[in-house]
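Notes follow once the structure below has been shown.
In the UniProt record's numbering, the protein residues as written are 1 to 314.
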């Protein structure tokens, strides 16, 4: 019998995690296979883990993983995928903005031959204008620099067992699920949806989160920023050479000009470009450092399956 793994990261969702599980189980009640729901507590500061443990204790479909601290959404997703046992897996948010009802359509696409089914947002009603603008700019920049189109896509997607295994074989130290799963290839289908309002609480995704996502994703998937810095340096060298020749010609002709304003502007421009270039190089060095030290992307502190197996140890 086909096993479906539903993987959902949880961060400060104590008020809504039970409603999420109930909704998923209601949607999948007509599914003719088996279902497991893996909830990953990404270092929540509220009672999320207590709610997850209670759900796992009374519902055999539910399995909870508690990370030792807040590692971030993508590492939490990978923790869930690594512990999934399904023939197919669906990843979605636990705040119910990703409608579980779409899982039925995604499964139909998988049964028709798709190995990756990506949910693309039609609208983004809950995002501020600044975040919406930043997301659009990042999506376009990421597509141009990496060749991977993630515009308006989300982590809400279905992947086959083969795709999941290939994804985990890569041993990613800076996980970015949207990019990692998109770059693999395989037969991919898009489905569209309108995000629902959050059932409880407020989103923790802000412009700072977007800036960190943009920096990490671009430096992980593309070396073009380094080439752009090199190209800019070459352009400045040529411009400096031309300006130097022009200055010498004017000096020999007795028409030398002081050009104090021009010099100051050039110094400011070149200095700013140098600092920007150093920042770009620093991001790549940081990425190399993270990969070389080999530190785990996540650490699991507690697994409800182990708690149920050895209750006296917990």
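All C-beta atoms, glycine included, are put in the ideal place defined by N, C-alpha and C.
The C-alpha of residue 303 is placed about 12 Å away from the C-alpha of residue 57. Residue 167 and residue 184 have their C-alpha atoms some 8 Å from each other. Counting along the chain, residue 8 sits inside no alpha helix (DSSP H); it lies in the beta strand (DSSP E) bounded by residues 3 to 10.
Under DSSP, no beta-bridge partner is assigned to residue 154. Residue 91 is a Cβ neighbour of residue 158, given a cutoff of 9 Å. Going by DSSP, residue 65 is part of the beta strand (DSSP E) stretching over 62 to 67.
If you look at residue 300, you'll find it in the beta strand (DSSP E) that goes 300 to 303. Within the same chain, and ignoring the five residues on either side of residue 33 in sequence, the residues whose Cβ sits closer than 7 Å to its Cβ are 1, 2, 3 and 4. Leaving aside the five residues that flank residue 229 on each side, the residues in its chain whose CB is nearer than 6 Å to its CB run, in chain order, 277 and 280. Under the DSSP assignment, residue 177 falls in the alpha helix (DSSP H) whose first and last residues are 177 to 182. Rounded to whole angstroms, residue 189 and residue 123 show a C-alpha spacing of 19 Å. Between residue 113 and the set 225, 187, 249 and 85, the nearest pair of CA atoms involves 187. Under the three-state reduction of DSSP output, residue 57 falls in the helix class. Spatial neighbours of residue 85 in its own chain (CB-CB distance under 8 Å, excluding positions within 5 residues in sequence) are listed in chain order as 3, 5 and 36. If you draw a straight line from the Cα of residue 11 to the Cα of residue 224, it comes to about 34 Å.
Three or more beta-carbon pairs drawn from the segment 39 to 47 and the segment 72 to 82 are found closer than 8 Å, and the two stretches are therefore classed as touching.
The DSSP-derived three-state label of residue 52 is helix.
Per DSSP, the beta-bridge partners of residue 192 are 120.
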